[in-house]
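Chemist: I'd like to ask you about the structure that follows.
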Amino acid sequence: MNMEEEYKGKEATLFKKLEGKKVQCLACAHYCQIPEGKTGICGVRKNYQGKLYLIVYGRAIAVNTDPVEKKPLYHFLPKSLVYSIGTIGCNFRCQFCQNWDISQYMREKGAGAEILGQDLSPEKIIDHCKRNKIPAVSFTYNEPAIFFEYARDTARLAHENKMKTIYVSNGYESKEALEEIAPYLDAINVDIKSFSEEFYNKICGAKLQPVLDTVKRVKEKGIWMEITTL
Ligand code: SF4
4 MNMEEEYKGK EATLFKKLEG KKVQCLACAH YCQIPEGKTG ICGVRKNYQG
54 KLYLIVYGRA IAVNTDPVEK KPLYHFLPKS LVYSIGTIGC NFRCQFCQNW
104 DISQYMREKG AGAEILGQDL SPEKIIDHCK RNKIPAVSFT YNEPAIFFEY
154 ARDTARLAHE NKMKTIYVSN GYESKEALEE IAPYLDAINV DIKSFSEEFY
204 NKICGAKLQP VLDTVKRVKE KGIWMEITTL
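Numbering (the numbering used here), first residue to last: 4 to 233.
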């Protein structure tokens, strides 16, 4: 498959241009600097000729209608159903991941892998929820920070239709991403997997402090938050 035929998804908004057609992604706390033709750590944000693209925009690999308690949120819209979506890719590589086949798909398959997922635009998501009287959309299964523009556009549309939105997150949102999604985000479950920096480094491929920073920022913004410790 050549570059012209490759599915590019949609141009991202959370990035900045660097010298020599390099870009820096601003979607999560890794802040990857990505050379032309490469993806960041998550495998789903790719530099095409000096612009960053979210290659899973509108491509949902996991789609289910779940009880909100399964997210888990126990004190937000109790007893409600939630339309839950996720994509391939992740910015963590937790060795105990229960969704390894989708979260690590790009790393396992390598560059040029087929972008798996059903065609599910933000409009289709909201239309499905309205027709089935589902009051909220949840971005879950993998880390929503990495598919930021897809989540943001869906969340914005959800609010326009008086629906609620939920993040199920590893807490690695960048400051910039949280700032932009906050007006459209009603609730979040943040997973604090350990209080050990070594654990985050060795087991998850990440750092602890950005997760704790996100928890503080979410609290300051007044978004409903519940914490998981798994
Ligand atoms: S979302 Fe995170 S891991 Fe993915 S490219 Fe951006 S900074 Fe890197």
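Backbone N, C-alpha and C fix where the C-beta goes; we use that ideal spot for every residue, glycine too.
#1: When you compare only the Cα positions, how much space is there between Asn173 and Val71?
#2: If you reduce the DSSP assignment to three classes, tell me which class Gly89 lands in.
#3: For the region 69-153, which segments carrying the beta strand (DSSP E) assignment without a break, of at least 3 residues, lie completely within its bounds, in sequence order?
#4: Within 7 Å: the Cβ of Ile88 and any heavy atom of the ligand SF4?
#5: Terminal residues of the continuous alpha helix (DSSP H) containing Gln212?
#6: Suppose you measure from the CA of Leu57 to the CA of Glu201; what does that come to, to the nearest Å?
#7: Exposed or buried, which one is Asn192 when buried takes at least 16 other CB atoms within 10 Å?
#8: How would you label Arg155, buried or exposed, when you count the other beta carbons within 10 angstroms and need 16 or more for buried?
#9: Near Glu223, which residues of its chain fall below 6 Å by C-beta distance, leaving aside the five closest residues on each side in sequence?
Modeler: In terms of the structure at hand:
#1: 18 Å
#2: strand
#3: 84-89 and 139-142
#4: no
#5: Gln212 to Lys224
#6: 30 Å
#7: buried
#8: buried
#9: none
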